[in-house]
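Structure record follows, encoded as structure tokens.
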């Protein structure tokens, strides 16, 4: 067995669609073709949107598709202490600050300024709370105001100096985390965010190659910064292409993209669905007869 470790990390906020199947198959075939390990992680930090029935269904859909994984499934909601420990480390470095702004406050501040720096996902947070005095911060937290912990990206970059990360398709990249601005890493009621939890989990699970969609390419710049701050060795990355509909739009849950479950109900076979996801054959011929029969 090689030291290659990949993972698939869905959120149980709906049923898996063909885009998810493509991503899962990409990670699985990459690991299995190199005699490596493939992990399944459930990213369920949002209690308002994640549901146990969706988790059960996605595990069933992946098994029906012909995928297996190594070791137990890791659920992020079971590991909040890991994320709190990472936050404590970041706080000790002086790179976090509490933000009390609502979305409405942020929009109003951007409107008053007349313009705002833009990142790949739109206007960046204008830094309203970055320079609040410690006493004001303590008073607002003490009286129960809602808050989020943001990463002071400029301060963090001064600590780490220049960073690079490696994408197997596009080569070495100079890390430019300022593209995403001072992102939220935790909230009053949730001790983590996507950016923090995915960075911590990939490290703790020993992931050596992160395979994920090209829509997350810019997030990797930020994750490289978090890795440096937390003392983690960076993995390799491969940002694969996305499946798109006839209009050229990427498949998404919010657009009610056709789900694996609906394809099953139509009578499609696992092999047909794998082909629809871009993995006809893809190493399954030998697995179908020698492995899947004995699951």
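Residue numbers (this note's numbering): 34 to 328.
Note that CB positions come from ideal geometry on N, CA and C, so glycine has one too.
Identity of the residue in the options nearest residue i by Cα
i, options, result
"residue 47", "292, 299, 297 and 241", "292"
"residue 258", "208, 218, 133 and 182", "208"
"residue 180", "310, 125, 44 and 219", "219"
"residue 118", "187, 225, 93 and 308", "225"
"residue 202", "244, 177 and 217", "244"
"residue 269", "228, 54, 63 and 153", "63"
"residue 330", "237, 93 and 168", "With the chain represented from 34 up to 328, any question about residue 330 goes unanswered, as that position is not in the structure."
"residue 56", "272, 299, 168 and 294", "272"
"residue 42", "36, 88, 66 and 68", "88"
"residue 68", "234, 35 and 196", "35"
"residue 196", "124, 144 and 256", "256"
"residue 152", "166, 141, 210 and 91", "210"
"residue 198", "65, 266 and 310", "266"
"residue 248", "145, 154 and 227", "154"
"residue 86", "239, 173, 44 and 60", "44"
"residue 223", "53, 112, 90 and 91", "112"
"residue 263", "138, 124 and 66", "124"
"residue 186", "142, 236, 126 and 166", "126"
"residue 175", "221, 142 and 128", "221"
"residue 104", "308, 72, 135 and 204", "72"
"residue 102", "246, 60 and 242", "60"
Residue i - partner residues in DSSP beta bridges
i, result
"residue 206", "198"
"residue 269", "242"
"residue 75", "108"
"residue 156", "151"
"residue 217", "183"
"residue 228", "Paired residues: none, contrary to the question."
"residue 59", "DSSP, once it has assigned bridges, lists no residue as partnering residue 59."
"residue 95", "Answer is none; residue 95 lacks a bridge partner."
"residue 70", "38"
"residue 53", "Looking at the DSSP assignment, residue 53 forms no beta bridge with any residue, so it has no partner."
"residue 129", "184"
"residue 292", "50"
"residue 121", "Answer is none; residue 121 lacks a bridge partner."
"residue 223", "220"
Integer-rounded CB distance, given that residue j should sit under 8 Å from residue i
i, j, result
"residue 120", "residue 184", "Not confirmed; about 10 Å, so no contact."
"residue 276", "residue 51", "5 Å"
"residue 38", "residue 70", "5 Å"
"residue 76", "residue 230", "7 Å"
"residue 133", "residue 178", "6 Å"
"residue 232", "residue 260", "6 Å"
"residue 163", "residue 130", "6 Å"
"residue 310", "residue 54", "4 Å"
"residue 40", "residue 238", "7 Å"
"residue 171", "residue 128", "Contact flag wrong, Cβ pair sits at about 18 Å."
Residue i: CB within 7 Å of a non-hydrogen atom of the ligand SAH
i, result
"residue 275", "The ligand content of the structure shown is nil, which means the ligand SAH is not present either."
Please confirm if the stretch 246-258 is in contact with the stretch 103-118, defined as three or more CB-CB distances below 8 Å between the two stretches. With a cut-off of 8 Å on Cβ pairs, the stretch 246-258 is not in contact with the stretch 103-118, counting fewer than three such pairs.
Does the stretch 210-219 touch the stretch 144-162, meaning 3 or more C-beta pairs lie closer than 8 Å? Cβ pair count under 8 Å is three or more, so yes.
Three or more C-beta pairs below 8 Å linking the stretch 187-198 and the stretch 72-84: As far as the Cβ criterion goes, the stretch 187-198 does not touch the stretch 72-84, which means the pair count is below three.
Pairs of beta-carbons, one from the stretch 295-305 and one from the stretch 92-105, closer than 8 Å: are there three or more? Counting Cβ pairs under 8 Å, three or more are found: they touch.
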